[in-house]
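>
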Amino acid sequence: MKKILIFHFRMGRTDGVSLEIANWKEILEREGWEVLLCSGPVSEGADYVVDGLEMQLNPTIFNLDEEAFGGFKTTTEEEFVPKFRTIQDGLSKEFERIIKETKPDRVIVSNIFSVGLNWEDIRYRRPSGIAVERQLEKYFPPTGGWIKQACINSIARNELGKRKGVDATLVYDCIDFDVPNGDKDGACGGMLKAYGIDVERDLIVLQATRIVRRKNIELSMDVVKGLQARVEEL
1 MKKILIFHFR MGRTDGVSLE IANWKEILER EGWEVLLCSG PVSEGADYVV
51 DGLEMQLNPT IFNLDEEAFG GFKTTTEEEF VPKFRTIQDG LSKEFERIIK
101 ETKPDRVIVS NIFSVGLNWE DIRYRRPSGI AVERQLEKYF PPTGGWIKQA
151 CINSIARNEL GKRKGVDATL VYDCIDFDVP NGDKDGACGG MLKAYGIDVE
201 RDLIVLQATR IVRRKNIELS MDVVKGLQAR VEEL
């Protein structure tokens, strides 16, 4: 059986990427792959845990990230570089150990290399020094004949091509509509009722996305308006 190892910051949570990785795992297993998961410490269902993958939970890495963008605040570039190298080397050894132990046929790295080209957050466009710029140029994203890039929408795909000359594959997010949504402890239903929503009769539309320009969430109002008109016709 062929084996795939998937890396992400966190898994088994309710954020979009965690949910999508669960979808990938199910689909790949249906196709006959053995799927192993590696993530940070606040995860459920991970086969391997690397503490440094969850940046917000590691004070040293978090502080380095704060220094890396928008100008050095409490350190100099000369002091920053060796601290960064220490963390980098430690993570590299962890990843090498996991790769040697699992011997995967394929590796999927989800979201981890997207930061350097993130046009949604202006802070990532302001590296603090040459050392940070070089890391962004080399690793965000890494390129090579054996590496294939993927994006979840055409906007990201076009930006990646324009900025780095990378021809990425589109892999859209998906959902299995045959799986019923669960409300095990009744918390969701209770909240809706508290706001005067009849969960048995009312038509509920959930816009579960961040408010960022490229997501065009205002279009959901047009969708709801169209649904409402259709309901009134019925």
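According to our numbering, the residues represented by the sequence shown are 1 to 234, in order.
Think of the CB as a built atom: it goes at the ideal place given N, C-alpha and C, for glycine as much as any other residue.
1. Is the beta carbon of Ile197 closer than 8 Å to that of Ser110?
2. Look at Asp105 and Ile27 and say whether their C-beta atoms are less than 8 Å apart.
3. From what residue to what residue does the alpha helix (DSSP H) around Phe84 run?
4. If I follow the unbroken alpha helix (DSSP H) through Arg106, where does it start and stop?
5. Roughly how many whole angstroms lie between the Cα atoms of Phe84 and Gly16?
6. Below 7 Å CB to CB, which residues in the same chain sit around Glu94 once its five sequence neighbours on both sides are set aside?
7. Between Phe177 and Tyr124, how many whole angstroms is the CB-CB distance? I'm expecting something under 8 Å.
8. Let me make sure I understand the geometry here. Which of Ser92, Ile130 and Glu54 has the alpha-carbon closest to that of Phe72?
9. What span of residues does the alpha helix (DSSP H) with Lys164 cover, start to end?
10. Looking at C-alpha atoms only, which residue of Ile98, Ile155, Tyr48 and Leu136 is the closest neighbour of Gly12?
11. Tell me the rounded alpha-carbon separation between Tyr112 and Ser43.
12. Are at least three pairs of beta-carbons, each pair with one atom in the stretch 168-175 and one in the stretch 141-158, less than 8 Å apart?
13. What are the boundary residues of the beta strand (DSSP E) that includes Glu34?
14. Could you check the C-alpha separation between Gly45 and Leu37 for me, to the nearest Å?
So, to answer that:
1. no
2. no
3. Glu77 to Thr102
4. From DSSP, Arg106 is part of no alpha helix (DSSP H) but of the beta strand (DSSP E) over Arg106 to Val109.
5. 29 Å
6. Val50
7. About 35 Å separates the two Cβ atoms, so there is no contact after all.
8. Ile130
9. Ser154 to Lys164
10. Tyr48
11. The amino acid at residue 112 is misidentified as Tyr; the sequence shows Ile. Roughly 16 Å between the two C-alpha positions.
12. yes
13. Glu34 to Ser39
14. 8 Å
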